[in-house]
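Enquirer: Below are the structure tokens for one structure; questions will follow.
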Amino acid sequence: MRKKTLVIITFSIVSFSVAQVSDFNTVDFTRADNIAKLNEGEDLDNLPVLAHKLTANLKTDVEKFRAIYLWVCQNIKGDTTQDSKVFKYKRKLAHDTVAYLKWNNEFKVKALKKLLKRKKTMCTGYAYLIKELCFLADIECVIVDGYGRSVSANVEALDFANHSWNAVKLNNKWYLCDATWSSGFSINTNFIKDYNDGYFLTDPILFAKNHFPLNKKWFLNDSLANTKFTPQAIVYGETFKHKIIPTHPKTLNVTTKKDEALHFSFKTLASTSQDDIELIHFIGLKEHAFKIENFQINDNNISFSNSFKHKGNYDVHLKIDNSIVATYTVSVIN
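Read in order, the letters of the sequence shown correspond to residues -19 to -1, 1 to 315 in mature numbering (1 follows the signal peptide of the UniProt record, and there is no 0).
Next comes the structure, spelled out in structure tokens:
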């Protein structure tokens, strides 16, 4: 999956629940995290040995999975060259499925060799390695293929499947995770390590903000089973860190009248005050803040409004604790 500094993702969401990682609030991941750290730099030439090193001294499957997941995220680099090549061929052969599948099957062999030898890959490689290490640790795990909306793909519509992630079964319940987007991000052709724990055992409703599986059973939430793609607010990796779900406006592109209040709202699990929240836009590289009006907090729901004083088109960004977590395109008319 192509990753940029800003990753834009969203789907139609009507409800919010606690992130699935909270199912394991009583589990201390310190030992698992330390084991992943102690095995930093291990080679991939013998996966059974690696799986043993990561899991043998851990008691529960969730701890074992944590060690596997964290190790993969922190030891495998995103391959921007490989990613760009696949993206190019997907575009080129978008209307010739047979030709693309033939090319892709040949390319996967080369990509797997590169992963095992150089520890560089793209989303399919991350998902494959998670699945294989889980298999060796006797943990049920599958690869899920689908659409990931990014700054360069599937922005207004689902043009083509372009991403892979994992579903893992722990304590007889399925969970979702994305090691690719947990591992870091790319700037031009450079991969930047930047672990994001927000994609680890993420709540299905939040996960669906940037993942739309080809097989809808992998939404893992009945309320999403009949979800139809609707371009809503642009969200980012920081949205997952803060566990934010924008709820209004409901569309990415918004039209409002000059001096008429436009309402914004979101849901969050984190403790948030008005001082932490900003609504901004950029003129060149300079940041300008809009006035926040009618601010209200009701349990996990936060709402406010802004009245635009000048007509025009604006990219409006919601910031929480200095992180941009949602973006809307606002057209202001008379």
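Virtual Cβ for every residue (Gly too), placed ideally from N, Cα, C.
Taking the continuous beta strand (DSSP E) assigned at Val297, which residues delimit it?
Expert: Residue mapping note: residue 297 aligns to position 316 of the sequence shown, counting from 1. Looking at the DSSP string, the run of the beta strand (DSSP E) that includes Val297 is Gly293 to Ile301.
Enquirer: Just grab the DSSP bridge partners of Asn279 for me.
Expert: On the sequence shown, residue 279 is found 298 positions in, with the first residue counted as 1. Answer by DSSP bridge pairing, in chain order: Asn282.
Enquirer: Buried or exposed: Leu187, going by 16 or more other Cβ atoms within 10 Å of its Cβ?
Expert: By one-based count along the sequence shown, residue 187 stands at place 206. Answer is buried; the Cβ neighbour count reaches 16.
Enquirer: Could you tell me the alpha carbon to alpha carbon distance between Cys54 and Lys290, rounded to whole angstroms?
Expert: Against the sequence shown, residue 54 aligns to sequence position 73. Against the sequence shown, residue 290 aligns to sequence position 309. C-alpha separation (whole angstroms): 46 Å.
Enquirer: Does DSSP classify Val(-6) as helix, strand or coil?
Expert: Locating residue -6 in the sequence shown gives position 14, counting from the first residue. Residue placement at Val(-6) is poorly supported in this model, since its pLDDT is 31, which falls under 50; the coordinates are not used for a value here.
Enquirer: Is Ala206 buried or exposed, if buried means 16 or more other CB atoms sit within 10 Å of its CB?
Expert: Taking the first residue of the sequence shown as 1, we reach residue 206 at position 225. Exposed, since its Cβ has fewer than 16 Cβ neighbours within 10 Å.
Enquirer: Please classify Glu44: does DSSP put it in a helix, a strand, or coil?
Expert: Taking the first residue of the sequence shown as position 1, residue 44 is located at position 63. Reduced to three states, the DSSP call for Glu44 is helix.
Enquirer: Apart from the five residues just before and just after residue 318, which ones in its own chain have a Cβ nearer than 7 Å to its Cβ?
Expert: As displayed, the chain neither begins before -19 nor continues past 315, which places residue 318 out of reach and without an answer.
Enquirer: State whether the segment 212 to 224 contacts the segment 257 to 267, with contact taken as three or more CB pairs (one from each stretch) at a distance under 8 Å.
Expert: Short answer: they don't touch.
Enquirer: Would you mind reading off the limits of the alpha helix (DSSP H) that contains Leu260?
Expert: As a position in the sequence shown, residue 260 is number 279, starting the count at 1. Not the alpha helix (DSSP H): Leu260 falls in the beta strand (DSSP E), residues Ile258 to Ile264.
Enquirer: May I ask you to list the residues that DSSP assigns as paired with Asp126?
Expert: Working through the sequence shown from its first residue, we reach residue 126 at position 145. BP columns for Asp126 point to Ser145.
Enquirer: When you compare each of Leu117, Phe200, Glu219 and Asn147 to Phe210 by their alpha carbons, which one comes out closest?
Expert: In the sequence shown, the residue the question calls residue 210 occupies position 229. Residue Phe200 is the option with its Cα nearest to Phe210.
Enquirer: Determine the burial state of Leu266: buried for a count of at least 16 other Cβ atoms within 10 Å of its Cβ, exposed for fewer.
Expert: Within the sequence shown, numbered from 1, the residue matching residue 266 stands at position 285. When all chains shown are included, Leu266 counts as exposed.
Enquirer: Measure how close the beta-carbons of Phe166 and Asp175 come, nearest whole angstrom, since I'm counting them as under 8 Å.
Expert: On the sequence shown, residue 166 is found 185 positions in, with the first residue counted as 1. On the sequence shown, residue 175 is found 194 positions in, with the first residue counted as 1. Right, the Cβ-Cβ distance comes to about 6 Å (below 8 Å), so this counts as a contact.
Enquirer: Along the chain, where does the beta strand (DSSP E) containing Phe245 start, and where does it finish?
Expert: In the sequence shown, residue 245 corresponds to position 264, counting from 1. Per DSSP, Phe245 belongs to the beta strand (DSSP E) from Ala242 to Thr249.
Enquirer: My output table needs one value for Lys197: the three-state DSSP class, helix, strand or coil.
Expert: As a working mapping, residue 197 is identified with position 216 in the sequence shown. Reduced to three states, the DSSP call for Lys197 is helix.
Enquirer: Going by DSSP, what residues sit across from Ser288 in a beta bridge?
Expert: By one-based count along the sequence shown, residue 288 stands at place 307. Answer by DSSP bridge pairing, in chain order: Ala242.
Enquirer: Going straight from the alpha carbon of Phe193 to that of Asn234, what length do you get?
Expert: As a position in the sequence shown, residue 193 is number 212, starting the count at 1. As a position in the sequence shown, residue 234 is number 253, starting the count at 1. For Phe193 and Asn234, the distance between alpha carbons rounds to 20 Å.
Enquirer: Taking only the alpha-carbon atoms, compute the straight-line gap between Asp14 and Gly106 and give it to the nearest angstrom.
Expert: The residue labelled residue 14 in the question sits at position 33 within the sequence shown. The residue labelled residue 106 in the question sits at position 125 within the sequence shown. Those two C-alpha atoms are separated by around 22 Å.
Enquirer: Hey, how far is the Cα of Asn281 from the Cα of Phe247?
Expert: Start at 1 with the first residue of the sequence shown, and residue 281 comes out as number 300. Start at 1 with the first residue of the sequence shown, and residue 247 comes out as number 266. Cα to Cα, Asn281 sits roughly 8 Å from Phe247.
Enquirer: If contacts are defined as beta-carbon pairs under 8 Å, then Ala108 and Ser145 qualify, I think. What distance do you get, rounded to the angstrom?
Expert: Stepping through the sequence shown from its first residue, residue 108 is reached at position 127. Stepping through the sequence shown from its first residue, residue 145 is reached at position 164. Rounded, the Cβ-Cβ distance is 4 Å, consistent with contact.
Enquirer: Mark Thr57 as exposed unless 16 or more other C-beta atoms lie within 10 angstroms of its C-beta, in which case mark it buried.
Expert: Along the sequence shown, one-based indexing puts residue 57 at 76. Thr is not the amino acid found at residue 57; the sequence shown has Ile there. Per the 10 Å Cβ criterion, buried.
Enquirer: Given this structure, state the Cα-to-Cα distance separating His33 from Val125, to the nearest angstrom.
Expert: Residue 33 sits at position 52 when you count from the first residue of the sequence shown. Residue 125 sits at position 144 when you count from the first residue of the sequence shown. The straight-line gap from Cα to Cα measures roughly 25 Å.
Enquirer: Indicate the three-state DSSP secondary structure (helix, strand or coil) for Tyr217 in the structure shown.
Expert: Mapped onto the sequence shown, residue 217 falls at position 236. Here Tyr217 sits in coil by DSSP.
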